[in-house]
Amino acid sequence: MVHYDWGLPVAIDLFAAGMGAAAFMVAVMADLAGSKKFTSIRLTGAIIAPWPAILGVLLLVVDLGKPFRFWEMLLKRGEGLSIAPPYLMFNPGSAMSWGTWILTLFVIISLIYLIVSIIAIPFSWGEIATKTIGIIGLPFALLVTTYTGVLISATSNALWSNYLLPFVFVSSAIVTGIAGIICILAILKMLKLLEEDFIPGLEKLNGVMIVVLLASLALFIIVGIMQPQMLTLIASAKLGILFWLFSIILGIIIPLIFSFKKEGNPAGTSFIISLLVILGGFFLRYVILIAGQIA
Amino acid sequence: MTQKAMLIDTTKCMGCRGCQVACKQWNQLAAENTRFTGSYQNPPNLSASTWTLIKFIEPEGDPIRWLFRKEQCFHCGDPACVDACPTGALKKRPDGIVWIDQKICAGCKYCVHACPFQTPHTDHDTGTAKKCRMCIDRVDNGLKPACVTACPTGAVLYGAREDMLKVAKKRKAIVEKQTGASVRIYGETELGGLGVITVLADKASVYGLPEQPKKPLLLPRWLIGIVPGAVILYGMFKNFTGVREKAEKEEKAKEGQS
């Protein structure tokens, strides 16, 4: 079996962290634009946000060659076992060092956001508190989605070093983040627990985001078309099928067709389509990660 | 501290692989179970237990040309691996040596992907990344790196970087005069001036090296993610505002009717 230095755990992290951060961004944007009107969207986003990022961080730690040394990324080593000033480890030239801190801070902020979102509902200060924490977390969420792309793009890997990769991953993260919220809302709708139906609106919004994703992917492929690894990605038997079938057809084209239906979709359809979008987002990370490591 | 450097003169190398063996011996690196790949080059690539090896190159269309190049870490002046390392395990010393502190490396494999020459490799037994460390323990005790000591033709030298460059330039003049080939001194300025300078008797690509090695840039990649991301967020805000305003209008209209 071929060994990949970065395999499934890293692919899951790139996908999950991006999706969680994007769900957070949607929640905050809905909150800022519509306040109480979009409470169900805000709460759903807040509930989703921290967990994929936490899963991603845990997988990254497990994937280390020395998992118990994960703290070396947080604390600065001095001589021997001592911790040297400035005590915290940060290497500004390393996308991974940035990612370590961005992810850590995002997980903390999104957890606070979730707690405040829930406990503050009955109080008069609740609205301003959630908005404030949301605004503080917004740049971190945007940085998390970008970091997933920058991490593998700022390398000497022929396929990954494509300058458009961060754009692709950011747009894919947002598409999966919105799909995550639709997925939960669709379940609630099927259980008849929702008063207002925001799903058709969110699906139209995601339709536009999917078009942005398609555009970013097209640019990514055009820029990298001279790389042999790009051909592995788009034209090889195994990865090519995963890429076209799961990422493009099931994850992008079919959801796009269902996005702009005037009368909206039944809750069950919305649920399945949103799952397809999420699955497509995961396979996109996975095939790009693996294709880059096939010589 | 003066900058030190290694000089690899491919025009003097005869492919004996004494350096390869000396490296294994001094650094106590395990042998590899390899297969015949149609070339004397063995093992086929650098790995966590092979820190240097002789590349045997047979340029296409020339049946009698057989080129040798000693491959190893270049100890870049501006190393991508040190930039990439999130733990500070990868360090560059004032004398130019780039080494991985095995006590600190957490095995994230980011240096493996960052290096423009694919030099560091993961050791699956220890979980850490490994590569040539210019025999740091020998150099600090006044000895030359093991491969330099082993080389029988003087193709591998170690000393002050300035001196090594002088030797390289002298050698370039001699070889160009004798053979008419155009000689390239690889590493004089590349990536902030490499700590391993290689005298090549042909283009770098013939020897399997990037003509212009580059360090991956961070800032433009952040911007290419953040800027469209911010625009998308603004669009999302506009969308939600529009939905709310539309709903409010409808409510007002309803109130007006009733």
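Taken in order, these protein sequences are the chains called A and B.
Take 0 as the starting number for the first sequence in numbering that gives the first Met the number 0 and just add one per residue.
Take 0 as the starting number for the second sequence in numbering that gives the first Met the number 0 and just add one per residue.
Idealized CB from N, CA, C, for every residue including glycine.
Note that this is a predicted model, so its numbers are computed, not measured.
Around the C-beta of LEU192 of chain A, are 16 or more other C-beta atoms found within 10 angstroms, so that it is buried, or is it exposed? exposed
May I ask you to report which of helix, strand or coil DSSP gives GLU70 of chain B? strand
Residue closest to TRP159 of chain A, alpha-carbon to alpha-carbon, out of A:ILE253, A:PHE219, A:ILE134, A:ILE180: Of the candidates A:ILE253, A:PHE219, A:ILE134, A:ILE180, the residue whose Cα lies closest to the Cα of TRP159 of chain A is A:PHE219.
Minimum C-alpha distance to MET13 of chain B - residue among B:GLN101, B:VAL81, B:GLU250, B:GLY153: B:GLY153
Look up PHE168 of chain A in the DSSP assignment and say whether it is helix, strand or coil. helix
Does MET0 of chain A pass the burial test, meaning 16 or more other C-beta atoms within 10 Å, or should it be called exposed? Here the model assigns MET0 of chain A a pLDDT of 43, short of 50, so the residue's position is not dependable, and the following value carries that caveat. Exposure of MET0 of chain A is indicated by the presence of fewer than 16 other C-beta atoms within 10 angstroms of its C-beta.
Is the shortest distance between the beta-carbon of LEU217 of chain B and the beta-carbons of chain A less than 8 Å? yes
Can you tell me where the alpha helix (DSSP H) with TYR233 of chain B in it begins and where it stops? For TYR233 of chain B, the uninterrupted alpha helix (DSSP H) segment begins and ends at 218-256.
Could you name the residues of chain B that ILE198 of chain A contacts, counting a contact when the two beta carbons are closer than 8 Å? Within 8 Å Cβ-Cβ: nothing; ILE198 of chain A doesn't reach chain B, min ~12 Å.
Less than 6 Å between C-beta atoms, sequence neighbours within five positions excluded: which residues of the same chain meet that for LEU142 of chain A? ILE101
Do you know how far the Cα of VAL149 of chain A is from the Cα of TYR3 of chain A? If I take the Cα positions, the gap works out to 19 Å.
Taking only the alpha-carbon atoms, compute the straight-line gap between MET24 of chain A and VAL60 of chain A and give it to the nearest angstrom. 25 Å
Those residues which DSSP pairs with VAL155 of chain B across a bridge: B:ILE7
By how many angstroms is the C-alpha of LEU217 of chain B removed from the C-alpha of PHE73 of chain B? 22 Å
Does the contact criterion of 3 or more C-beta pairs under 8 Å hold for the region 47-58 of chain B versus the region 172-184 of chain B? Because the criterion of three Cβ pairs below 8 Å is not met, the region 47-58 of chain B and the region 172-184 of chain B do not touch.
When the Cβ atoms of the region 247-257 of chain A are set against those of the region 202-221 of chain A, are three or more pairs found closer than 8 Å? Yes, they touch.
Is THR9 of chain B near the ligand ZN, with its Cβ less than 7 Å from a heavy atom? With respect to small molecules bound, the structure shown includes none, and the ligand ZN cannot be examined in it.
Delimiting residues of the alpha helix (DSSP H) encompassing LEU201 of chain A: 198-223
What would DSSP say about LEU87 of chain A, mapped onto helix, strand or coil? strand
Own chain partners of CYS131 of chain B with C-beta closer than 7 Å, once the 5 adjacent residues on each side are dropped: TRP50, THR51, GLN71, CYS72
Can you tell me whether DSSP reads THR163 of chain A as helix, strand or coil? Per the sequence shown, residue 163 of chain A should be read as Leu rather than Thr. The answer is coil: DSSP assigns LEU163 of chain A none of H, G, I, E or B.
Among B:THR9, B:ARG34, B:ALA29, B:PHE55, whose alpha-carbon lies nearest the alpha-carbon of GLN40 of chain B? B:PHE55
Would you say VAL143 of chain A faces chain B, with C-beta separation under 8 Å as the test? no
For a test of the three-state rule: what should DSSP assign to ILE56 of chain B, helix, strand or coil? strand
Distance between beta carbons of THR145 of chain A and GLY228 of chain B, contact taken as under 8 Å: 6 Å
Please list, in chain order, the chain B residues whose beta carbon lies closer than 7 Å to that of LEU163 of chain A. ILE223
For ILE173 of chain A, would you say it is in contact with chain B, using Cβ-to-Cβ distances shorter than 8 Å as the test? Between ILE173 of chain A and chain B, the shortest Cβ-Cβ separation is below 8 Å.
Report yes or no: do three or more beta-carbon pairs, one from the region 79-90 of chain B and one from the region 87-100 of chain A, lie closer than 8 Å? yes
To which residues of the same chain is LEU54 of chain A closer than 6 Å at the C-beta, ignoring the five residues directly before and after it? ALA15
Is it a yes or a no for the region 30-48 of chain A touching the region 233-240 of chain B, going by three-plus beta-carbon pairs under 8 Å? yes
According to the neighbour-count rule (16 or more other Cβ atoms, all chains shown, within 10 Å of its Cβ), is LEU6 of chain B buried or exposed? buried
Is it true that the CB of PHE245 of chain A sits closer than 8 Å to the CB of LEU295 of chain A? Residue 295 of chain A lies beyond the range of chain A shown here (0 to 294); nothing can be said about it.
What's the gap between the Cα of LYS168 of chain B and the Cα of CYS104 of chain B? 38 Å
If you draw a straight line from the alpha carbon of ALA10 of chain A to that of GLY17 of chain A, how long is it in whole angstroms? 11 Å
Taking VAL195 of chain B as part of the alpha helix (DSSP H), name the residues at either end of that continuous run. Looking at the DSSP string, VAL195 of chain B is not in any alpha helix (DSSP H); the run it does join, the beta strand (DSSP E), is 195-199.
Report yes or no: do the region 96-116 of chain B and the region 203-214 of chain B share at least 3 C-beta pairs separated by less than 8 Å? yes
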